[in-house]
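>
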Amino acid sequence: MSTASLAVAPNNDLYLAWQVLRQEQPRLRARDAAERLAVSEAELTASRLGIDATRLRPDWAALLPALGELGYVMVLTRNEHCVHERKGHYSEVTVSGQMGLVVSADIDLRLFLGGWASVFSIEEQGARGIQRSLQIFDRQGIAVHKVFLTERSDLGAWVRLLERFAAPQQTPELELQPLPEATPLTPDEAIDGESLRAGWASLKDTHHFFGLLKKHGASRTQALRLAGRQWAEPLELAELPRLLERAAAREVPLMVFVGNRHCIQIHSGPVRNLRWLDSWFNVLDPEFNLHLQTAGVRQLWRVRKPSTDGVITSWEAFDEQGELILQLFGARKPGVPEREDWRALAEAAPAREL
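Each step along the sequence shown adds one to the number in the UniProt record's numbering, with nothing skipped, and position 12 is 12.
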């Protein structure tokens, strides 16, 4: 512990309150501790400055490509009900304005940088030694994306990264902002369903779906309800873990999308080691972990979208607020038709009545 940390810790009420909470509940994660202490996770992380955290400059155009120098890492992206963890190399990074892409063979990310606000490095002593991570937060103090070093990472590159990007002023102030007000939902009767269905039928690329929603002022789940059963069918919630179990048994490779407002993380490949823990359904493979809180899933849909590569089928899970939790596709590359084994799996579950 440095001289600075000795000076900071006794006068840091939030940090001290957190340590008391950790003594009572040693396994409590920072995200849950922040909720218990009525602060954001970013504020809780900032309370560690001078102890085991360093504030970094949010120079995304330089910082993100530099993460490739760390070698083999684990990246984590989550939303309220699902955590997506993928190991690999942070390479093939592109940053253009407020958009970023990582498209290496194993780490696949879509980054919406306009909402990114602060970034910290953490070096935390644990039962298995020091855990090193880089953690990024949005303007509301919510974690957007995290990068963890592994036993195969380059520690020398980590030291150089901190030296290069450490903020000149190690201050805890974050200037948090409230969430923007949600756009009021357009009533179903105010949406031209016939035009929506015609636009859906004429899609050439699944990425154009967002433009279709915007054009008609429809939310995602609203569009699914109005599209007609040719394009979207509701499913029983229990079918979601069953689909993953069948994909594992038949070795059908998937694309698993999990995201939040500012980052989407994608796994492409098989899923094999599946485990239940209470209401959590987990994939526990060497390079890919998924933790799905099934109690948070309130809607499950089978969705079909036309494209120049043929119809693309997905399963989409939503929470009580209609927020997207998880998307599943068959593994594929642009320009390649959908896998027949995935389509057979995706179409096997019976639709339910609305």
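Idealized CB from N, CA, C, for every residue including glycine.
Could you pull the start and end residues of the alpha helix (DSSP H) that residue 40 belongs to?
Counting from 1 along the sequence shown, the entry for residue 40 is found at position 40. Per DSSP, residue 40 belongs to no alpha helix (DSSP H) and is neither H nor E.
> Taking Cβ to Cβ, would you say residue 290 is nearer than 8 Å to residue 297?
As a position in the sequence shown, residue 290 is number 290, starting the count at 1. As a position in the sequence shown, residue 297 is number 297, starting the count at 1. Result no, Cβ atoms of residue 290 and residue 297 do not sit closer than 8 Å.
> Mind checking residue 285: buried by the 16 CB within 10 Å criterion, or exposed?
In the sequence shown, residue 285 corresponds to position 285, counting from 1. Flag for residue 285 reads buried.
> For residue 141, does the three-state DSSP call read helix, strand or coil?
In the sequence shown, residue 141 corresponds to position 141, counting from 1. The answer is coil: DSSP assigns residue 141 none of H, G, I, E or B.
> Here's a check: name, in chain order, each residue in its chain whose Cβ is nearer than 7 Å to the Cβ of residue 228, leaving out the five neighbours to either side.
Start at 1 with the first residue of the sequence shown, and residue 228 comes out as number 228. Only residues of its own chain outside the window of five on either side were considered, and among them 197 have a CB closer than 7 Å to the CB of residue 228, listed in chain order.
> Please classify residue 15: does DSSP put it in a helix, a strand, or coil?
Position 15 of the sequence shown, counted from the first residue, corresponds to residue 15. DSSP, reduced to helix, strand and coil, places residue 15 within a helical segment of the structure shown.
> In chain order, what are the residue ranges of uninterrupted beta strand (DSSP E) at least 3 long that sit wholly in the segment 212 to 293?
232 to 234, 254 to 259, 263 to 269, 274 to 277, 280 to 284, 288 to 293
> On a CA-only basis, which of 266, 250, 259, 263 is nearest residue 272? Give me that one, please.
Walking along the sequence shown from the start, residue 272 turns up at place 272. The closest CA to that of residue 272, considering only 266, 250, 259, 263, is found on 250.
> Under 8 Å Cβ to Cβ from residue 243, same chain only, skipping five residues before and after it: list those, please.
Reading the sequence shown from its first residue, position 243 is the one you call residue 243. For residue 243, where only same-chain residues beyond five positions count, the Cβ hits under 8 Å are 315, 328, 345, 346, 349.
> For residue 73, report the span of its beta strand (DSSP E) as first-last.
Here residue 73 is taken as the residue at index 73 of the sequence shown, counted from 1. Unbroken beta strand (DSSP E) run through residue 73: 71 to 78.
> Assign residue 61 to one of three DSSP states: helix, strand, or coil.
Taking the sequence shown and counting its residues from 1, one reaches residue 61 at position 61. If DSSP states are grouped into helix, strand and coil, residue 61 belongs with the helices.
> Quick one: any contact between the segment 132 to 148 and the segment 116 to 124, if contact means 3 or more CB pairs under 8 Å?
yes
> Shortest alpha-carbon distance to residue 172 belongs to which of 41, 220, 78?
Locating residue 172 in the sequence shown gives position 172, counting from the first residue. Comparing Cα positions, the closest option is 41.
> Taking the straight line between their C-alpha atoms, what separation do you get for residue 62 and residue 50?
Taking the sequence shown and counting its residues from 1, one reaches residue 62 at position 62. Taking the sequence shown and counting its residues from 1, one reaches residue 50 at position 50. Roughly 24 Å separates the two Cα atoms.
> Can the beta-carbon of residue 310 be found closer than 8 Å to that of residue 334?
By 1-based counting over the sequence shown, the position of residue 310 is 310. By 1-based counting over the sequence shown, the position of residue 334 is 334. No; because the gap between Cβ atoms is not below 8 Å, this pair is not in contact.
> If you draw a straight line from the alpha carbon of residue 146 to that of residue 31, how long is it in whole angstroms?
Looking up residue 146 in the sequence shown gives position 146. Looking up residue 31 in the sequence shown gives position 31. Rounded to whole angstroms, the separation of the alpha carbons of residue 31 and residue 146 is 12 Å.
> When the distance is taken between beta carbons, is residue 56 closer than 8 Å to residue 167?
Walking along the sequence shown from the start, residue 167 turns up at place 167. Walking along the sequence shown from the start, residue 56 turns up at place 56. Contact: yes.
> Look up residue 321 in the DSSP assignment and say whether it is helix, strand or coil.
Start at 1 with the first residue of the sequence shown, and residue 321 comes out as number 321. DSSP, reduced to helix, strand and coil, places residue 321 outside both helices and strands of the structure shown, so it counts as coil.
> DSSP beta-bridge partners for residue 136?
Start at 1 with the first residue of the sequence shown, and residue 136 comes out as number 136. DSSP lists 119, 145 as partners of residue 136.
> Among the candidates 129, 292, 224, 281, whose CA atom is the shortest distance from the CA of residue 188?
Within the sequence shown, numbered from 1, the residue matching residue 188 stands at position 188. Residue 224 is the option with its Cα nearest to residue 188.
> Suppose you measure from the CA of residue 149 to the CA of residue 70; what does that come to, to the nearest Å?
Position 149 of the sequence shown, counted from the start, is the residue given in the question as residue 149. Position 70 of the sequence shown, counted from the start, is the residue given in the question as residue 70. Cα to Cα, the separation comes out at about 8 Å.
> To the nearest angstrom, how far is the alpha carbon of residue 218 from that of residue 287?
Translated into positions along the sequence shown, residue 218 becomes position 218. Translated into positions along the sequence shown, residue 287 becomes position 287. Their backbone Cα atoms lie some 37 Å apart in a straight line.
> For a quick check, are the C-beta atoms of residue 237 and residue 300 less than 8 Å apart?
By 1-based counting over the sequence shown, the position of residue 237 is 237. By 1-based counting over the sequence shown, the position of residue 300 is 300. Result yes, Cβ atoms of residue 237 and residue 300 sit closer than 8 Å.
> Comparing C-alpha positions only, which one of 79, 98, 81, 108 sits nearest to residue 73?
Along the sequence shown, read from residue 1 onward, the residue named residue 73 stands at position 73. Check the Cα spacing between residue 73 and each of 79, 98, 81, 108: the tightest is with 108.
> Do residue 307 and residue 206 count as a contact pair if the criterion is CB distance below 8 Å?
Position 206 of the sequence shown, counted from the start, is the residue given in the question as residue 206. Position 307 of the sequence shown, counted from the start, is the residue given in the question as residue 307. Yes; because the gap between Cβ atoms is below 8 Å, this pair is in contact.
> For residue 93, which residues in the same chain have their Cβ closer than 6 Å to its Cβ, ignoring the five residues on either side in sequence?
Looking up residue 93 in the sequence shown gives position 93. So the qualifying residues of the chain are 64, 65, 102.
> With respect to the alpha helix (DSSP H) encompassing residue 348, which residues constitute its N-terminal and C-terminal limits?
Counting from 1 along the sequence shown, the entry for residue 348 is found at position 348. It spans 340 to 348 - the alpha helix (DSSP H) in which residue 348 sits, taken as one unbroken run.
> Comparing C-alpha positions only, which one of 281, 87, 21, 174 sits nearest to residue 293?
For the purposes of this step, residue 293 is taken as the residue at position 293 of the sequence shown. The candidate whose alpha carbon is nearest that of residue 293 is 281.
> For residue 167, does the three-state DSSP call read helix, strand or coil?
Position 167 of the sequence shown holds residue 167. Coil at residue 167, not helix or strand.
> Give me the residue from 155, 175, 215, 277 with the minimum Cα distance to residue 190.
Numbered from its first residue, the sequence shown carries residue 190 at position 190. When only C-alpha atoms are compared, the closest one is 215.
> On a Cα-Cα basis, can you pick out the residue from 354, 77, 340 that is closest to residue 253?
Here residue 253 refers to the residue found at position 253 when the sequence shown is read from its first residue. The option with the nearest alpha carbon to residue 253 is 340.
> Start and end of the alpha helix (DSSP H) containing residue 355?
Residue 355 is absent from the structure shown; the chain starts at 1 and stops at 354.
> Excluding sequence positions up to five away, which residues of its chain have a Cβ less than 8 Å from the Cβ of residue 28?
Numbered from 1 along the sequence shown, position 28 holds the residue referred to as residue 28. Within the same chain, residue 28 has close Cβ partners 21, 22, 36.
> Compute the beta-carbon to beta-carbon distance between residue 331 and residue 255, rounded to the nearest angstrom, for a pair I have assumed lies under 8 Å.
Mapped onto the sequence shown, residue 331 falls at position 331. Mapped onto the sequence shown, residue 255 falls at position 255. 5 Å between Cβ atoms; contact.
> Apart from the five residues on each side of it in sequence, which residues of its chain come closer than 8 Å, Cβ to Cβ, to residue 226?
Here residue 226 refers to the residue found at position 226 when the sequence shown is read from its first residue. Contacts found: 188, 191, 193, 196, 197, 218.
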